[in-house]
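Colleague: Throughout the sequence shown, residue numbering follows the UniProt record's numbering, covering 1 to 147 in sequence. Quick one: the structure is below, questions incoming.
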Amino acid sequence: MENFYTITENRVLLAAIVAWFVSQGIKFFTCLIKTKKIKMDRIMGSGGMPSSHTASVMAATFSVGEIMGYNHPIFGGLMIMSFIVMYDAAGVRMAAGKQAKAINNIIEALGAYRVKIDGQLKELLGHTYMEVLVGAALGIVIALLIN
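Spelled out as structure tokens, the structure:
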């Protein structure tokens with residue numbers, strides 16, 4: 001159990017967790033200011049400004065860079081994984097969100113024909129390129145501050 005407590009000294013993990021909480025907090029408070037309503041799904045939900053997935057992976061990646069060096073193979077591997085996460089956030093998940101919106105519109109239009117579905121499909125899935133870019137910048141800054 002003693003070794004378990006050393007996890008609190010893991011700056012890579014700490015940076016990733018802090019980046020996630022900060023980015024989700026930004027989403028929550030931005031939504032609160034804009035809508036003047038508390039929307040708890042903004043605490044855990046995906047999509048929106050900034051990308052918390054991107055912030056987390058970039059914080060972890062740049063923490064490894066700071067600790068092990070930017071020429072270390074692990075940093076290189078993590079950068080590749082980070083680019084995959086960012087591509088997924090801005091490409092694949094964004095497309096899935098657009099498809100969900102189209103399907104929801106079709107179901108609404110066919111509502112008179114008694115099409116049954118349990119609730120609407122989630123439309124806010126992915127990110128714009130700007131949301132991913134801001135998430136990346138946020139993650140890098142947090143990594144540099146923690147390390």
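Note that beta-carbon positions come from the ideal geometry of N, C-alpha and C, so glycine has one too. The structure presented is a predicted model; accordingly, all values stated were derived computationally and were not measured.
Label residue 142 either buried or exposed according to how many other C-beta atoms from any shown protein chain fall within 10 Å of its C-beta, with 16 as the threshold for buried.
Modeller: buried
Colleague: Can you give me the Cβ contacts of residue 54 inside the same chain, cut-off strictly under 7 Å, excluding the 5 residues immediately before and after it?
Modeller: 85, 86, 89, 132, 135, 136, 139
Colleague: If you check the beta carbons only, do residue 20 and residue 46 fall under 8 Å apart?
Modeller: no
Colleague: Within 10 angstroms of the Cβ of residue 78, are there 16 or more other Cβ atoms? Answer buried if so, exposed if not.
Modeller: buried
Colleague: Is it buried or exposed, residue 62, if we count other Cβ atoms within 10 angstroms and call 16 or more buried?
Modeller: Buried, since its Cβ has 16 or more Cβ neighbours within 10 Å.
Colleague: DSSP three-state label for residue 6, please.
Modeller: Taken through DSSP and simplified to helix, strand or coil, residue 6 comes out as helix.
Colleague: Can you give the beta carbon distance from residue 75 to residue 65, rounded, assuming they're within the 8 Å contact cut?
Modeller: Between residue 75 and residue 65 a beta carbon distance of about 5 Å is seen, short of the 8 Å cut, so the two are scored as contacting.
Colleague: Whole angstroms are fine: how far does the CA of residue 7 sit from the CA of residue 108?
Modeller: 49 Å
Colleague: What residue does the alpha helix (DSSP H) around residue 146 start on, and which one ends it?
Modeller: 129 to 146
Colleague: Please report how far the alpha carbon of residue 15 lies from the alpha carbon of residue 22, in whole angstroms.
Modeller: In this structure, the CA atom of residue 15 is about 10 Å from the CA atom of residue 22.
Colleague: Per DSSP, what kind of secondary structure is residue 69 in: helix, strand or coil?
Modeller: Three-state result, residue 69: coil.
Colleague: Is it true that the CB of residue 38 sits closer than 8 Å to the CB of residue 24?
Modeller: no
Colleague: Measuring alpha carbon to alpha carbon, tell me which residue in 101, 18, 9 is nearest residue 58.
Modeller: 18
Colleague: Could you check the C-alpha separation between residue 13 and residue 52 for me, to the nearest Å?
Modeller: 14 Å
Colleague: I'd like the list of long-range same chain contacts for residue 48, defined as Cβ closer than 6 Å, with 5 residues on each side in sequence excluded.
Modeller: 27
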